[in-house]
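Each remark here refers to the structure printed beneath this line.
There are 2 protein chains.
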Amino acid sequence: MSATPVRVALLGCGSVGSQVVRLLREQSADLEARVGAPVELVGVAVRRLDARREVEVPEGLLTTDAAGLVASGVDVVVEVIGGIEPARSLILSALEHGASVVTANKALLAEDGATLFAAADKAGRDLYFEASVAGAIPILRPLRESLAGDRVRRVLGIVNGTTNFILDKMDTSGAGFTEALEEAQALGYAEADPTADVEGFDAAAKAAILASLAFHTRVVATDVHREGISEVSAADVASARQMGSVVKLLAICDLVEGPDGPAVSARVHPAMIPRSHPLASVREAYNAVFVESDAAGQLMFYGPGAGGSPTASAVLGDLVTVARNRLQDVRGVGESTYADLGVLPMGATTTRYHVAIDVEDKAGVLAAVAQEFAKQDVSIQTVRQQGRGEDAQLVVVSHRATDEALSATVAALREMSEVREVTSVMRVEGDSE
Amino acid sequence: MSATPVRVALLGCGSVGSQVVRLLREQSADLEARVGAPVELVGVAVRRLDARREVEVPEGLLTTDAAGLVASGVDVVVEVIGGIEPARSLILSALEHGASVVTANKALLAEDGATLFAAADKAGRDLYFEASVAGAIPILRPLRESLAGDRVRRVLGIVNGTTNFILDKMDTSGAGFTEALEEAQALGYAEADPTADVEGFDAAAKAAILASLAFHTRVVATDVHREGISEVSAADVASARQMGSVVKLLAICDLVEGPDGPAVSARVHPAMIPRSHPLASVREAYNAVFVESDAAGQLMFYGPGAGGSPTASAVLGDLVTVARNRLQDVRGVGESTYADLGVLPMGATTTRYHVAIDVEDKAGVLAAVAQEFAKQDVSIQTVRQQGRGEDAQLVVVSHRATDEALSATVAALREMSEVREVTSVMRVEGDSE
Chain R
1 MSATPVRVAL LGCGSVGSQV VRLLREQSAD LEARVGAPVE LVGVAVRRLD
51 ARREVEVPEG LLTTDAAGLV ASGVDVVVEV IGGIEPARSL ILSALEHGAS
101 VVTANKALLA EDGATLFAAA DKAGRDLYFE ASVAGAIPIL RPLRESLAGD
151 RVRRVLGIVN GTTNFILDKM DTSGAGFTEA LEEAQALGYA EADPTADVEG
201 FDAAAKAAIL ASLAFHTRVV ATDVHREGIS EVSAADVASA RQMGSVVKLL
251 AICDLVEGPD GPAVSARVHP AMIPRSHPLA SVREAYNAVF VESDAAGQLM
301 FYGPGAGGSP TASAVLGDLV TVARNRLQDV RGVGESTYAD LGVLPMGATT
351 TRYHVAIDVE DKAGVLAAVA QEFAKQDVSI QTVRQQGRGE DAQLVVVSHR
401 ATDEALSATV AALREMSEVR EVTSVMRVEG DSE
Chain V
1 MSATPVRVAL LGCGSVGSQV VRLLREQSAD LEARVGAPVE LVGVAVRRLD
51 ARREVEVPEG LLTTDAAGLV ASGVDVVVEV IGGIEPARSL ILSALEHGAS
101 VVTANKALLA EDGATLFAAA DKAGRDLYFE ASVAGAIPIL RPLRESLAGD
151 RVRRVLGIVN GTTNFILDKM DTSGAGFTEA LEEAQALGYA EADPTADVEG
201 FDAAAKAAIL ASLAFHTRVV ATDVHREGIS EVSAADVASA RQMGSVVKLL
251 AICDLVEGPD GPAVSARVHP AMIPRSHPLA SVREAYNAVF VESDAAGQLM
301 FYGPGAGGSP TASAVLGDLV TVARNRLQDV RGVGESTYAD LGVLPMGATT
351 TRYHVAIDVE DKAGVLAAVA QEFAKQDVSI QTVRQQGRGE DAQLVVVSHR
401 ATDEALSATV AALREMSEVR EVTSVMRVEG DSE
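Going line by line, the protein sequences match chains R and V.
Numbers 1 to 433, taken from the UniProt record's numbering, label the letters of the first sequence in order.
Numbers 1 to 433, taken from the UniProt record's numbering, label the letters of the second sequence in order.
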């Protein structure tokens, strides 16, 4: 047991930061025992000293000089500001000044992780970020360490609580997207500007981080095909229900066989999954991540995906690890990109489509529709036809094909004279086909 | 990248060991990249050289001299023999000779972990054991590391696949215990002598390991209250079904307020849990572990709880970590028992009971039964009464009370003249009461 404390600087004191302050205080005896030295909070950088906070920060710790704090020779810097700047500059400065870093900043990691990891390597310090994906759920450490002797094939997750809350509302109440979003905003599950969540930017950043760790390859946010949920309609949700499925916004990272050998596919989009799939029962703002690997098989990790206190739990877990490493003067597991696989574009990724079409109810329509699938070499798994007065509805579920072929098929269907409207197009995931 | 290989000795080449051999070979390039040095299998100790194996072990590696192998100066010893001896002596010798150890041996850890951890401390080497609990599911590392900044309150898990398979069969088919056990044996889910599984010894060892890690306190197998499933009847399972519940064998580790302050309670017994609880949907031989902590809230970890290949995945994950540590000449997280809490006896632990009773159908019986609960200061949550000809059936679910008071109540009920038979007694877990 060392008597010299591990000195910690905190950047940001919002919903996560204030819970970090609280846990550092409430758990201080336990943290000391687990780290092997006292953990001392020596400064908290904030934008405004007089802002209302959820926690009382001890006298003298608050400062608006974040740059001065990270350069003051602390042992660990915890960054929970979020966003690209000034977070990036502060983390880089912290590493240059010899601090280890714990961050929850998914956007920065997914945009420019390479710069951060290079700086950590150069400084010989740790850069840990469990809190950046799926809040309190331990998922990065299992991927990096527990599965280090295995080959991960797929990571399939619900990693954005806001969109899951909205889709869950739409499923249970029949509400449309706008109505469900408003309820999420009223309850504090969605922000006033919900773009980052509903358009899938947040989930895409997390998918990039998950794919990087799972496949030992650098994957950035722009490598991830991204579609949000703002176009998901009540009709899509109802159509899923008829199929015994539910619509979820999924982050999907696959190890695939590309034209030049193994490659990574990473995508975020809404998809129908069968209600019997474990991810289907993930309700409200919870998160869950499925991992499939060669030897372990299917694993699932479930828990609260956001919130100040759960995210702070993940931050503190990392803090204990990097503090222990400091005391031993070693580094934990760093970035691993040795596999250096290519990233497959979405068009070349194989998926399955569910397509609902309003057509004229006359002979030959089904054959004509089937012909459009065949032209793109897409084979059909099931067709359900329901007459409705002069119209009929066709619901087609395809077998696996490239996304390019599938979307070309849908475009061709829209041009058909017999097709009144393509009412729902949604990818299908999570069943064995 | 080091050119000097990490030299690994394997003890045991059964269903787990043979998969370790296979993965070491198939993943050798990845393992080298992840560890930072080649990982070389230098010997495999077996009882009989000519036994049939699932894997071809390279010429010259097999030996019956396990003692010689562990003393030969290898870097890491992987022990997958199981049982107390010779596993304990071999692990102690390995540590004395400077090797780090990876083991899947739950029975040994739960019986005499203290001796092993002391030897690891003395040698300054790692002792890792992720594979000892819940197969491939990363649960020990998250408890030890990811949640190191949090306070764990409860670990509630299905950690024995054999008993879960049997109970699942009983639930879905209405089979009795004996019939379901025979099916499990025929399918290879249960051993010819199923005692360790069905009487809860295996789950109790895992509960001891989980409680030790969760509460930073040494908990051994005999500290764990243990009841198996051989007394679970078709009537119990049917009674659970009527309640909207299902019977599962649970390992339950709680941080509780004892008479002298915080204490640990650890127990393994069948219990009814509501079908809406995530653990209720854990089918067949799968495992799942719920963790509740102050800051993170509820987390769940799910996956295959046994099997050669999943268990080997967990072994290899540990192997990568201890190999990396060897290269850096450091130790990972060791035993943590600083909290040193007392272990509460089962009688003092609070639980809830579901009791089904056949009684004479006459006035005053319900009052008399309720009186027996009141005598022990146990309050009743619900009573359901069903007339059946001359008899009636009462189903009583209690509020929380000490197990002592609850079992005394049941004993008193059995003595009542109005009671023909107590047909089902089962604890209730997993609902919010």
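Think of the CB as a built atom: it goes at the ideal place given N, C-alpha and C, for glycine as much as any other residue.
The structure displayed is predicted, hence computed values, not measured ones.
Cβ-based neighbour list, V/Ile139, same chain, cut-off 7 Å, excluding 5 preceding and 5 following: Val133, Val289, Phe301
Between V/Val330 and chain R, is any beta-carbon pair separated by less than 9 Å? yes
CB-CB length for V/Thr162 against V/Pro194, believed under 8 Å: 7 Å
Assigned secondary structure, V/Arg267 (DSSP; H/G/I helix, E/B strand, else coil): strand
Check whether the segment 142 to 160 of chain V touches the segment 372 to 379 of chain V, counting contact only when three or more Cβ pairs, one atom from each stretch, lie closer than 8 Å. no
To the nearest angstrom, report how far apart V/Val35 and R/Ala33 are at their CA atoms. 29 Å
For R/Gly228, tell me which candidate among R/Leu249, R/Ser245, R/Val410 has the shortest Cα-Cα distance. R/Leu249
Within the chosen definition, does the segment 411 to 425 of chain V reach the segment 250 to 262 of chain V through at least 3 CB pairs nearer than 8 Å? no
What does R/Leu31 touch in chain V if you count any residue whose Cβ is under 7 Å from its own? Gly149
For R/Arg275, would you say it is in contact with chain V, using Cβ-to-Cβ distances shorter than 9 Å as the test? no
Who are the Cβ neighbours of V/Ile84 in its own chain at under 8 Å, not counting the five residues just before and after it? Ala107, Leu108, Glu111, Asp112
Do three or more CB pairs link the segment 297 to 317 of chain V to the segment 222 to 236 of chain V at distances below 8 Å? no
Could you pull the start and end residues of the beta strand (DSSP E) that V/Lys248 belongs to? 245 to 258
Just verifying my parser: in three-state terms, what is the DSSP assignment at R/Arg154? strand
Under 7 Å between beta-carbons, which chain V residues line up against R/Arg218? List them in chain order, please. The premise fails here: R/Arg218 is roughly 14 Å from chain V at the closest Cβ pair, so nothing lies under 7 Å.
Residues of the segment 291 to 307 of chain R in Cβ contact with chain V at a cutoff of 7 Å, in chain order, please. Ser293, Ala295, Ala296, Gly297, Gln298, Leu299, Met300, Phe301, Tyr302, Gly303, Pro304
Quick one: what's got a C-beta closer than 6 Å to V/Asn309's C-beta in the same chain, skipping five residues either side? In the sequence on display, residue 309 of chain V carries Ser and not Asn. Hits under 6 Å: Gln19.
Of the choices V/Ala87, V/Glu40, V/Ser239, whose alpha-carbon is the least far from that of V/Glu26? V/Glu40
Cα-Cα separation between V/Arg218 and R/Val101, rounded to whole angstroms: 32 Å
Rounded to a whole number of angstroms, what is the C-alpha to C-alpha distance between R/Val333 and R/Val428? 36 Å
On a CA-only basis, which of R/Val152, R/Asp318, R/Leu213, R/Leu167 is nearest V/Glu145? Give me that one, please. R/Asp318
To the nearest angstrom, report how far apart V/Ala348 and V/Glu404 are at their CA atoms. 6 Å
Am I right that V/Val247 and V/Asp236 are in contact with their C-beta atoms under 8 Å? What's the rounded C-beta distance? 6 Å
In this structure, how does DSSP classify V/Gly135 when only helix, strand and coil are distinguished? coil
Confirm, please, whether the CB-CB distance from R/Val55 to R/Leu77 is below 9 Å. The question names Leu, but residue 77 of chain R in the sequence shown is Val. No, they are not a contact pair.
Could you pull out every residue in the same chain whose Cβ sits closer than 6 Å to the Cβ of R/Thr351, ignoring the five residues on either side in sequence? Asp403, Arg427
Are the CB atoms of V/Val8 and V/Leu24 within a distance shorter than 9 Å? yes
Can you give me the Cβ contacts of R/Arg324 inside the same chain, cut-off strictly under 7 Å, excluding the 5 residues immediately before and after it? Val35, Gly36
Below-9 Å beta-carbon distance, V/Glu257 vs any chain R residue: no
Using alpha carbons as the reference points, say which of V/Val359, V/Glu292, V/Ala370, V/Gly364 lies closest to V/Gly387. V/Val359
Following the continuous alpha helix (DSSP H) through V/Asn160, name the residue where it begins and the one where it ends. Unbroken run through V/Asn160: none, as it is neither H nor E.
I need the boundaries of the alpha helix (DSSP H) containing R/Gln328, first residue and last residue. 308 to 328
What residue from R/Gly430, R/Thr423, R/Met1 has the CA that sits closest to R/Ser233's CA? R/Thr423
Neighbour flag for V/Leu41 against chain R, beta carbons, 9 Å: no
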